[in-house]
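So that you can map any letter, position 1 of the sequence shown is -10 in this note's numbering, and since no number is skipped, the others follow by simple counting.
We put the CB at the ideal spot given by N, CA and C, even for glycine.
Heads up, the thing below is written out as structure tokens.
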Amino acid sequence: NNQETDRESVDEEVDERTQFELYYPPFEGAIAAGVGSVMCSYNKIRGKWSCENEATLLRDLKERLGFQGWVMSDWGATHSLSVNAGLDQEMPGSGHLSNEALVQAVIKGTINESRIDDGARR
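So this is what it looks like as structure tokens:
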């Protein structure tokens, strides 16, 4: 999302080729330079909130681009337990990733404990 109008509700419809050719090169450069963290924001990408978008956070950023740092949300930018999608740290304002919520989600099997371990490692 590179604009302020409706930044908390806009749904960016961008195809994978455009993502890799236009939007990902700056991230590739930052990763190559050793950046430690990336922040997901308020907008949606192809119908999913950016902080809950497994395709962009896990598949593209962490797996395809090889990002080893941690992903944190913008303040108030999460809408659910986003750990399974690749979010490592929720910043204040949403309250979905409290210690109690994470423990209960692991007990219920809705979050894999290995994702919590990965987020803590990062």
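Under DSSP, K97 shares a beta bridge with no residue. When C-alpha distances from E2 are compared across S39, D63, V95, the shortest belongs to S39. Contact annotation: the stretch 57 to 64 does not touch the stretch 87 to 102, with fewer than three C-beta pairs closer than 8 Å. In terms of CA proximity to N32, E41 leads the group E41, V24, S26.
Rounded to the nearest whole angstrom, the C-alpha separation of W59 and S26 is 5 Å. The C-beta of L11 has fewer than 16 other C-beta atoms within 10 Å across all chains shown, which makes the residue exposed.
For S26, the uninterrupted beta strand (DSSP E) segment begins and ends at 26 to 29. Secondary structure note for S103: its alpha helix (DSSP H) is the uninterrupted segment 102 to 110. Nearest to D49 by alpha-carbon distance, out of R6, H85, R110, is R6. Secondary structure of Q8 (DSSP, three-state): helix.
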